[in-house]
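J.:
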Amino acid sequence: MSPDHMIWISLALPILAVGLIVFFGKTPDLRDGSSGTIAGLLFIVTASLSIGVFAGERPEWNLGEMLPGFEIAFRVEPLGMLFALVASGLWILTTAYAIGYMRGHHEKQQTRFFACFAIAIFAALAAAFSANLFTLFIAYEVMTISTYPLVTHHGTEEAKRGGRIYLGILLSTSIAFFMLAIVWTWSLAGTVDFKLGGILADAVAENRISQTGLAVLVGLFAFGIGKAALMPFHRWLPAAMVAPTPVSALLHAVAVVKVGVFSVMKVCVYIFGLELLRETGVSLYLAYVAGFTLVVASLVAMTKDNLKARLAYSTIGQLAYITLGAMLATPNSVIGGGMHIAMHAVGKITLFFCAGAIYVAAHKKNISEMEGLGRKMPLTFAAFLIASVSIIGLPPGGGAWSKWFLAVGTVETHQYLLTAALMVSSLLNIAYLIPIPMRAFMKPKSDTPDDPSQETGSWLANMQEAPMMCVVPLCVTAIGSVVLFFAAEWIYQALLPITMTPS
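Position one of the sequence shown corresponds to residue 1 (the UniProt record's numbering), numbered consecutively onward.
1. Is the CB-CB distance between MET343 and GLY409 below 8 angstroms?
2. Hey, is the region 286–294 in contact with the region 312–329, meaning 3+ C-beta pairs nearer than 8 angstroms?
3. Going by CA-CA distance only, name the one from ILE51, LEU11, MET102 that's closest to ILE491.
4. If you reduce the DSSP assignment to three classes, tell me which class ALA357 lands in.
5. Roughly how many angstroms separate the alpha carbons of TRP8 and LEU373, rounded to a whole number?
6. When you compare the CB positions of SER390 and ILE434, do they come within less than 8 angstroms of one another, or not?
7. Secondary structure at PHE74, three-state DSSP: helix, strand or coil?
8. For LYS403, collect the residues of the same chain with a Cβ closer than 6 angstroms to its Cβ; drop the 5 residues on either side in sequence, then sort them by chain order.
9. Taking 7 angstroms as the line, does the beta carbon of PHE70 fall inside it for any heavy atom of the ligand MN?
10. Mark SER172 as exposed unless 16 or more other C-beta atoms lie within 10 angstroms of its C-beta, in which case mark it buried.
11. Tell me which same chain residues have a C-beta within less than 6 angstroms of the C-beta of MET81, skipping the five on either side of it?
12. Between the beta-carbon of MET265 and the beta-carbon of VAL183, is there less than 8 angstroms?
13. With C-beta atoms as the reference, is residue 506 less than 8 angstroms away from GLY317?
14. Pull up the DSSP beta-bridge partners for GLY64, would you.
15. Determine the contact status of TYR166 and ARG310, defining contact as a CB-CB distance below 8 angstroms.
16. In chain order, what residues of the same chain lie with their CB nearer than 7 angstroms to the CB of PHE83, ignoring the 5 residues before and after it?
17. Opposite SER130 in the DSSP bridges: which residues?
18. Pull up the distance between the alpha-carbon of ASP193 and that of PHE272, whole angstroms please.
19. Using a Cβ distance threshold of 8 angstroms, determine whether the region 354–371 contacts the region 232–251, with at least three qualifying pairs required.
20. According to DSSP, simplified to helix, strand and coil, what is ASN207?
21. Could you tell me the boundaries of the alpha helix (DSSP H) in which GLN493 lies?
22. For LYS195, which residues in the same chain have their Cβ closer than 7 angstroms to its Cβ, ignoring the five residues on either side in sequence?
23. So, under 8 angstroms CB-CB, PRO3 and GLN110 are touching, yes? Tell me the CB distance rounded to an integer number of Å.
24. Ignore the nearest five residues each way along the sequence and tell me which others in LEU214's own chain have a CB closer than 7 angstroms to its CB.
25. Please say whether PHE223 and LEU230 have beta carbons closer to each other than 8 angstroms?
26. Mind checking whether PRO260 and ALA297 have CB atoms under 8 angstroms apart?
27. Return the Cβ separation of ALA17 and ILE44 in integer angstroms, given the expectation that the two are a contact with Cβ distance under 8 angstroms.
28. To the nearest angstrom, how far is the alpha carbon of ALA120 from that of ALA12?
29. Output needed for SER368: all residues of its chain with C-beta closer than 6 angstroms, excluding positions within five of it in sequence on either side, in chain order.
30. Select from ILE175, ALA383, TRP61, LEU133 the residue whose C-alpha is nearest the C-alpha of THR185.
31. What's the gap between the Cα of LEU427 and the Cα of MET302?
32. Just to check my reading of the structure: GLU275 and ASN332 have Cβ atoms closer than 8 angstroms, yes? What is that Cβ distance to the nearest angstrom?
33. Any idea if PRO449 is buried or exposed, counting beta-carbon neighbours within 10 angstroms, 16 or more meaning buried?
34. Quick one, are the C-beta atoms of ILE99 and MET469 less than 8 angstroms apart?
35. The alpha helix (DSSP H) spanning LYS443 covers which residue range?
36. With a CB to CB cut of under 8 angstroms and the five nearest residues on each side skipped, what residues in its chain are close to GLU107?
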């Protein structure tokens, strides 16, 4: 099987999953089994494709020209390949977790849920493999539309309101800003194809666009890609927390927000080019917007008692790290941002898996209600602690390396205020994450009759974890947060080609 064939097979597999999920909709075991099987096959195909890509191959598949200069085409490069590996690998675990969660919580409309989930994975892979802005834009919009039914899954007024905010912000920013940026880019360069080193250098050299105009164009992309959640276009993300927890995991780790920050990075690397951004400094103001976002989001997270709301604002801050790396446009900052796509994905999905497991097993949503709960759910809260260490940026969590390279990028560009923002944000990460497992494990015994610490017998007999289908995935992803710490050299080498100036 050629690498070119692997592209369309990897895109076809999630669509096949949609058909099987709908076909077996009235037979839950077959429906869920087919979803998990396709997820496994997709990861095998994606992993096979990655071998050649990381060795230097750049497979392509062109579906055809829709309008002159606007093709639906796919070309796989290292950054997209890393994103595809993250999305396809976590789809397996998210599927297993969603089966346990949806059944354990007796959710309705499970067939629609899993079908929309598969479409979202298709959109993530289409974005990862996109060869031009046109293809990326289509995949981006498919992601928005396919995840709307997931956000409004419960059908309550609160869910509908959250869905309106979600859809309203993401569609309005993409149409008003992202689409305008694509058209402007095409008018300047005569193409919207991704090219290492960028496609706008000639337009700048020939004075077809001023530096002010270039700064505006970067801003249109940064704010038009609303899924990156830069302030003030971030409210869709906490509004979407009304969705079931597996959807929150999809939003925050597997697909939606990662499509956002991946798109920002791809535009910086392959449309503007890192050298052009560094020499002109037109993206520096957006680096400060990202620095503001990551600090303010962390401060807001500290005020939230609802666990999912706290994690939502944490995600806004963590996404800003990736945007910051892209806008600094140094090799180290871009590698740090690319690394953080993977590091944050694995760490944050663990935290949301834990939040869902707590709700399924103990029906607790608020952090203030979790005193002593670690004695009943030691695996869940141990996984939460491990993932928190990675999100904070401490060894042996993978996030330590991505934050290290981002900090190096701020020092290289002499943006010491941004260095301080990174350090302050990491301290705030400690303040809003670590007290959660500490409260669960270390809270003194109370006199409350139903306090978990009053249980008798062995700790094993007192365990009341969520169903195994919920607990196993969160344990695997927690271990994955540590594995990524030791895989940093491999990720660094994989991403290094995207930082090189083409000859």
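For each residue, glycine too, the CB sits at the ideal point set by N, CA and C.
T.: Judging by the given coordinates:
1. no
2. yes
3. ILE51
4. helix
5. 47 angstroms
6. no
7. strand
8. GLY393
9. Absence of the ligand MN is noted for the structure shown, with no ligands found whatsoever.
10. exposed
11. SER50, VAL53
12. no
13. There is simply no residue 506 to check, as the chain begins at 1 and stops at 503 in what is shown.
14. ILE72
15. no
16. ALA128, LYS258, PHE262, ILE341
17. PHE74
18. 12 angstroms
19. yes
20. coil
21. 488–495
22. TYR270
23. With a Cβ gap of about 35 angstroms, PRO3 and GLN110 do not count as contacting.
24. VAL204, THR280, VAL282
25. yes
26. Residue identity differs from the one stated: residue 260 is Gly in this sequence, not Pro. Result no, Cβ atoms of GLY260 and ALA297 do not sit closer than 8 angstroms.
27. About 14 angstroms separates the two Cβ atoms, so there is no contact after all.
28. 13 angstroms
29. ASP305
30. LEU133
31. 11 angstroms
32. Rounded, the Cβ-Cβ distance is 15 angstroms, inconsistent with contact.
33. With a pLDDT of only 44 at PRO449, under the threshold of 50, the placement of this residue in the model should not be trusted; the figure read from the coordinates follows. When all chains shown are included, PRO449 counts as exposed.
34. yes
35. Unbroken run through LYS443: none, as it is neither H nor E.
36. TYR101, PHE113, HIS153, PRO244
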